[in-house]
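Chains as they are written, first to last, in the working numbering: chain P, 1 to 112; chain U, 1001 to 1113. A short write-up of the structure that comes next.
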């Protein structure tokens, strides 16, 4: 069974204090790893897709990286508006299987 | 509309009642998903449609859960004889093409008393 585990469950940072969120996965045949941001009362919002080990993607203060066992979401010099829950998800298995398996999320709070 | 629209936004049901949750995907989007999100957890897959065809319903927790998308656009998730454990946020998502970027709605928060 495909499993995704995120750590830490919650993280508080001061504005400008860089850190990383971890997503560990155990799947049969990874086809894609996804990062989403979710604000309270809203649905998840797409951030990145990574397809193979060694791949990196960046968007503003966020950078996602991928290895064969885990992914990291690095946040550099965060601002209060980066506060949200960050979700990691994998798509795996046979070609054509479209579902995503999500981790439980990391709740990030950036204090001004 | 500009995004995925779900209604109602909130639904309170008495245990044993039937409920119907509606999803209006972005116009022209081929793929449509339903996910269930318990408080403090990540979304869990329920079912997947490609146009009007329900290609994967492996995540539906019991035969009380039923989803349809008869004309390949609007979808309805129906839960019969609701139980307290059905209380959760039900999220709908759509993508333009198969395997494309998912756009989520804001969800329907279902509370079963």
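Every residue, glycine too, gets a C-beta built ideally from N, C-alpha and C.
- The C-alpha of residue 20/P is placed about 44 Å away from the C-alpha of residue 1018/U.
- If the five residues before and after residue 1076/U are omitted, its C-beta is found closer than 6 Å to the C-beta atoms of 1020, 1022, 1068, all from its own chain and listed in chain order.
- Here DSSP, grouped into helix, strand and coil, assigns residue 1084/U to helix.
- Beta-bridge pairing by DSSP links residue 75/P to 19/P, 62/P.
- Residue 1035/U sits buried, since 16 or more C-beta atoms from the chains shown fall within 10 Å of its C-beta.
- One finds 97, 98, 99 in chain P with Cβ atoms closer than 8 Å to the Cβ of residue 1056/U, taken in chain order.
- With fewer than 16 neighbouring CB atoms inside 10 Å of its own CB, residue 1053/U falls in the exposed class.
- Residue contact with chain U for residue 3/P: absent (no Cβ-Cβ distance below 7 Å to any residue of chain U).
- Residues of the same chain with a CB within less than 6 Å of the CB of residue 102/P, apart from the 5 flanking positions on each side, are 87, 89 in chain order.
- Boundaries of the beta strand (DSSP E) harbouring residue 1011/U: 1010–1013, taken from the DSSP string.
- Non-local C-beta neighbours of residue 1007/U in its own chain, meaning closer than 6 Å and more than five positions away in sequence, comprise 1022, ordered along the chain.
- The beta-bridge partner set that DSSP reports for residue 111/P consists of 14/P.
- Here residue 1068/U carries a strand assignment [DSSP, helix/strand/coil].
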